[in-house]
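Below is one structure; the comments refer to it alone.
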Amino acid sequence: MFLEPMSFSKNVILVNELEEFNQIYFIRKGHFLVGFEMNKEKKYCLSFKNNNVIGAYGMTFRKRSDVIYKTKTRCFGTFIRKTNWMELEERNPQIFIHVKKNILMDYCSKI
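The opening position of the sequence shown corresponds to residue 44 in the working numbering, with each subsequent residue numbered one higher.
Here it is in structure tokens:
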């Protein structure tokens with residue numbers, strides 16, 4: 044009930060390095076890149092297509108982004124706002140133990 048639709052054009056920076064996460068994006072269709080900036084030059088090392096999540100690790104563990112997330116193509120999906128995510132966590136602490144474990148494993152294996 045908290046999920047809202049979203050759509051981004053290509054070449055949009057969703058989250059920059061050191062930014063706080065205010066949403067979790069569930070990318071259902073589209074292609075996005077993950078990278079970093081060094082010497083004022085952005086480099087993208089990872090590429091993800093369809094059915095991926097951006098921001099779950101950062102928002103759940105209250106971390107700022109250590110990478111840049113940028114769309115390569117038009118992206119469609121849903122998102123959840125930070126306040127709603129925190130409310131879900133407060134309402135379901137037992138479930139979120141497992142959610143946190145899965146988010147951590149996913150982030151460590153992909154990023």
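Note that beta-carbon positions come from the ideal geometry of N, C-alpha and C, so glycine has one too.
Q.
Quick check on DSSP: helix, strand or coil for S152?
A. S152 falls in the helix class under three-state DSSP.
Q | Nearest to N65 (by Cα), restricted to the options M44, F122, M49 | A | Considering only alpha carbons, the answer is F122.
Q. Taking the continuous beta strand (DSSP E) assigned at R117, which residues delimit it?
A. Judged by DSSP secondary structure, R117 falls outside any beta strand (DSSP E); it is assigned neither H nor E.
Q: Quick one: residues in its chain with C-beta nearer than 7 Å to the C-beta of E60, no 5 flanking neighbours on either side, listed in chain order?
A: Cβ neighbours of E60 beyond the five flanking positions: F79, E80, S108, D109, V110, I111.
Q) Given a threshold of 16 other Cβ atoms within 10 Å of its Cβ, counted over all protein chains shown, does I154 qualify as buried or as exposed? A) Sixteen is the threshold: since fewer than 16 other Cβ atoms of the shown chains lie within 10 Å of the Cβ of I154, the residue is exposed.
Q | Exposure label - I138; buried when at least 16 CB within 10 Å | A | Around the beta carbon of I138, fewer than 16 other beta carbons lie within 10 angstroms, which makes this residue exposed.
Q: Excluding the 5 residues preceding and the 5 following N86 in the sequence, name in chain order all residues of the same chain whose CB lies nearer than 7 Å to its CB.
A: Looking at the sequence itself, residue 86 is Lys, so the reference to Asn does not match. Around K86: G78, F79.
Q.
Comparing C-alpha positions only, which one of F51, K125, K143, F104 sits nearest to R71?
A. If you compare the alpha carbons of F51, K125, K143, F104 with that of R71, the shortest gap goes to F51.
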